[in-house]
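In what follows, a structure is listed as structure tokens, so that the remarks can point back to it.
Residue numbers (the working numbering): 54 to 177.
Structure below.
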């Protein structure tokens, strides 16, 4: 009973972090993943994995520019774009609204991604 109560706060922290976009240091995130356990079907694990995917996609979209588009594309294709297509499109739209000067870079990025995943182009 006490062991279950001890796990509940960390699960709540993970849940709050995933919803609120709270920064979790990498070592703390790895520790939380270990606490959740090897059950990849658990809600806590799925929530942490979703948050990690969102942060990764956001980071790559924010990092892309004219000079490094070729280097960023393989990294983006390395992410789970089938699962995170909504995350990718949302991140792309927010980034484009924040910096319209990079519209041509984002258009190029979408054009290349559209060749492999046309459903992402349709979603956008």
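Ideal Cβ placement from N, Cα and C applies to all residues, glycine included.
According to DSSP, is residue i helix, strand or coil?
i: residue 177; result: coil
i: residue 148; result: helix
i: residue 170; result: coil
i: residue 61; result: Note on residue 61: pLDDT 45, under 50, position unreliable in the model; the coordinate value appears next. Residue state, collapsed to three classes: helix.
i: residue 158; result: helix
Do you know whose CA, among the options, lies nearest residue i's CA?
i: residue 106; options: 149, 155, 175, 129; result: 129
i: residue 79; options: 104, 95, 97; result: 104
i: residue 171; options: 135, 108, 151, 93; result: 135
i: residue 123; options: 177, 158, 174; result: 158
Examine chain D for any beta-carbon lying closer than 8 Å to the beta-carbon of residue i, and answer yes or no.
i: residue 77; result: The chain inventory of the structure shown lacks chain D, comprising one protein chain alone.
inquiry  = Quick check on the DSSP output: what are the complete alpha helix (DSSP H) runs of length 4 or more inside the region 66 to 145, in order along the chain?
reply    = 79 to 89, 96 to 116, 122 to 131
query = How do the region 158 to 167 and the region 137 to 148 stand: do at least 3 beta-carbon pairs fall below 8 Å, yes or no?
reply = The answer is yes - the region 137 to 148 touches the region 158 to 167, with three or more Cβ pairs under 8 Å.
request  = Decide yes or no for the touch test of the region 111 to 120 against the region 76 to 86: beta carbon pairs closer than 8 Å, at least 3 of them.
outcome  = no
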